[in-house]
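Residue numbers for the sequence shown follow our numbering, beginning at 2 and rising by one. Beta carbons are placed, not taken as given, at the ideal position from N, Cα and C, and that holds for glycine. Below is one structure; the comments refer to it alone.
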Amino acid sequence: MNVSSEATKSLWALDASLPTAPRLEQNEKCDVAVIGAGIAGISVAYELALAGRKVVLVDRGPLLGGMTSRTTAHLAPICDDGLSALVEMRGEALARGFQTSQRAAIDRIEQHVASLEIDCDFRRLEGFLFPAAWMDEKEAARRCNEEYAAAAKTGVEVERGKGVPLKGHESAPVLRYPGQATFHPLKYLRALLADFKKRGGKAFADSAVVEIKEGKQIRLKCDSGSTITALNAVFATNSPINTWVKIHSKMAPYRTYAMAFEIAGGILPDALYWDMDDPYYYVRLSRGSGKTDCLIAGGRDHRSGETDDGEARFAALEAWIRALVPNLGGERARWSGQVLETIDYCGFIGRSPGNGNVFIATGDSGQGMTHGALAGRLIRDLIVDGSNPWEAVYAPDRTPPAAFTHYINENLTTVKNLAGYLLPGQMKSARDLKPGEGGVLQDGLSKLAVCRDRAGKLHRRSATCTHLGCIVHWNSTEQCWDCPCHGSQFAPDGTVLNGPATRSLVQPKS
C-alpha cells in the first residue's frame, strides 16, 4: 500500500515513473484477490497468473507507490541480522531452509529478467561484511569467526578475506559472499505488471480495502463501494490489514534512512558492502549513464515514532559514507522507509492464522526484495499445490521459544504507548507551528494530532491510531503521522497511508 506523503523521493522514484492503473469502480470476481502492489503483491499475483489463476490486484495508492519504491535494492540472501543470530534463534535446519529459500528468490528474479528480457540492471556481484568503525581487530576477527562458522552450518558459500576498498578498512578482516545481486526494482516490477496484464490479470490503484468478510468465499469492499469476491485472498500490504493482533504483536516497525550520491565510475568496485554495527550501515552502487554512477548508503535505523530527528540521521549517514569514500560526489536523493522486524528474523509468509484461504506476506526484516520474490513462489505453491518446502520457515502462526525475549521487548513499546495516553501531550499550543511541523496536543482528556502541512494549512485530528489505540507521533522527514506500536501511517489530514489501520484518524468534535 501507499506508505508515504512523498516528502522525500527515492532514487528509483526519480529514475522511473510509477505505472498507471484505474480505480476499482465495478464489482469483480476472481480466483485470487491480492491486496498490496509492492514486490510481494506483484510477485504473488504474477506467479498465480503464470499458473493460470484469475487474479485481481488492488492497492490503496498508486501501484508500486509504497515501501518497495523506498528500498535500497540489495538482493542479499544472507540473513539481515547475521547468520549466527539466525542459527541461535531458529536452529540449523530451519536456518538452512531460510538461506536456501532466499537464494531461490534471487534465482527466480533472475529467471524472470531473462525470460521477459527486462532491462533493469540486474547483475550478480559479491557481498562484503566488514568491521564497524568502533571495532578493534580482535573484535572484528571474533565476529568474522562467528559468521564464518554459521555459514558452514547453513550451507552459505563464504570466504575469509582481508580489506575492502573503503578508507580505513583496506586491511581489515572481512568475509566475502559470492552470488549476491542487485537490480532496479521499479523497472523489474513494471515489466512483471505488464506481462501480468497480458495474461488476463487485472490491477487497480487508489482503491482502499475498507471491509473484509471471510468465509468459503472472501468478500472485500473498497472505499469506492465496489467489491471483490474471491476464492482466496492474499494480503501483501507491508503490514497486514486482515488480522488485529496475532501477527502485529510478533513484529515491530523500524525506520531506516538512505541517501544517493554521484560517484565517478571505477572509484568503488561494484559490490554490496555492509558493516558489523548494530544497526548496521550498508553501501551499494546503481549504474548511471555515461561515466557517472550513483552510490547508495543506508542505515541509522530506529523504532518508528520514537524520535523525529531525520535531518540529524541523514547528516550522520552522509558523514559516515564520505569518511569511507572521500571523493564522493554530490547528493542525488535522500529518503527513508519503514521496515517490519520480526521476533525471529524471518518473514511471516503463508496462511493467515486460523484461515484456510487467506494468506499474508509481511515482516520483511530488512530483506523486502528477497522476501517479496519468495512470497510469490511460496504462496503460489500453497494455493495451487497445497504445500511448499519452506512453509515451516515462514509459517505465520509460529512463535519460537527462543524468540520470547524479543517478543516481550518489542511489545513493551505498545504497553508504554498505551500507558502514556494519560500523560500530558507534547505541545502546549498549535499557534506557533511552522509549515512542516506537528506534534501531539492535550485537549482535556484527549490527545490531538496537530500539524501544519508544508502549504501552511493547519490540521487537527485525534492522535489515537484507529488500529489498536496507540498514540501517533509526527514524522517531519516524511510529513506523516507514525504509529510506533504496529506501523500504521497517516497523512497530515489523517488519511491512512499504510496499514494495519484501515480508517482515517478521527476528526475531533470541536
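query	result
Length-filtered (4 minimum) alpha helix (DSSP H) runs lying within the region 252 to 291	none
With 16 other Cβ atoms within 10 Å as the buried cut-off, status of Thr-400	exposed
Val-441 - partner residues in DSSP beta bridges	Ala-450
Uninterrupted beta strand (DSSP E) stretches inside the region 119 to 206 (no shorter than 3 residues)	124 to 131, 160 to 163, 174 to 183 and 203 to 205
Status (buried if at least 16 other CB within 10 Å, exposed otherwise) for Arg-71	buried
Asp-483, enclosing beta strand (DSSP E) - first and last residue	481 to 483
Distance, Ile-79 Cα to Gln-1 Cα	No answer is possible for residue 1: the residues shown for the chain start at 2 and end at 511.
4 or more residues per run - each alpha helix (DSSP H) lying fully within the region 59 to 117	84 to 91 and 93 to 117
Pair within 9 Å by beta-carbon distance, Gly-297 and Arg-314	The question names Gly, yet the displayed sequence has Ile at residue 297. No.
DSSP state of Ser-44 mapped onto helix, strand, coil	helix
Where the beta strand (DSSP E) containing Leu-383 begins and where it ends	Element bounds for Leu-383: not the beta strand (DSSP E) but the alpha helix (DSSP H), 369 to 385.
Where Ala-420 falls: helix, strand or coil (DSSP)	Note on Ala-420: pLDDT 48, under 50, position unreliable in the model; the coordinate value appears next. Correct three-state label for Ala-420: helix.
Three or more C-beta pairs below 8 Å linking the region 218 to 236 and the region 267 to 277	no
Pair within 9 Å by beta-carbon distance, Trp-336 and Leu-12	yes
Cβ-Cβ distance between Val-45 and Ala-362 below 9 Å	yes
Cβ neighbours of Tyr-408 in the same chain (closer than 6 Å, five flanking residues each side left out)	Low local confidence applies: a pLDDT of 45 at Tyr-408 is under 50, so the model's placement there is unreliable, and no value is given.
Cross-strand partners of Asp-433 (DSSP beta bridge)	DSSP lists no partner for Asp-433.
C-beta contact flag for Pro-254 and Gly-488 at 9 Å	yes
Contact set for Gln-368: own chain, Cβ-Cβ below 6 Å, skip 5 residues either direction	Asp-81
Pairwise C-alpha distance: Phe-131 and Cys-481	35 Å
Alpha-carbon spacing of Gly-62 relative to Cys-31, whole angstroms	21 Å
As assigned by DSSP and simplified to three states, the class of His-249	helix
The region 164 to 178 contacting the region 137 to 146, beta-carbon criterion three pairs below 8 Å	yes
C-alpha distance - Thr-155 paired with Ala-86, whole-angstrom precision	12 Å
Exposure label - Asp-310; buried when at least 16 CB within 10 Å	exposed
Neighbour-count burial assignment, Phe-184, 16 or more Cβ in a 10 Å radius	buried
Contact the region 373 to 388 vs the region 120 to 137: 3+ CB pairs below 8 Å	no
Beta-carbon separation (whole angstroms), Ile-264 vs Gly-330, contact threshold 8 Å	6 Å
Exposure label - Asp-512; buried when at least 16 CB within 10 Å	Outside the shown range of the chain (2 to 511) lies residue 512, about which nothing can therefore be said.
Three-state secondary structure (DSSP) of Trp-321	helix
Contact check, Ile-40 vs Leu-190, beta carbons under 9 Å	yes
Proximal residues to Leu-434 (C-beta, below 6 Å), its chain only, five neighbours per side dropped	Arg-453
Rounded C-alpha distance that separates Arg-109 from Gln-443	52 Å
Assigned secondary structure, Asp-345 (DSSP; H/G/I helix, E/B strand, else coil)	coil
Euclidean distance between Cα positions of Gly-128 and Val-159	10 Å
Endpoints, alpha helix (DSSP H) assigned at Trp-13	12 to 16
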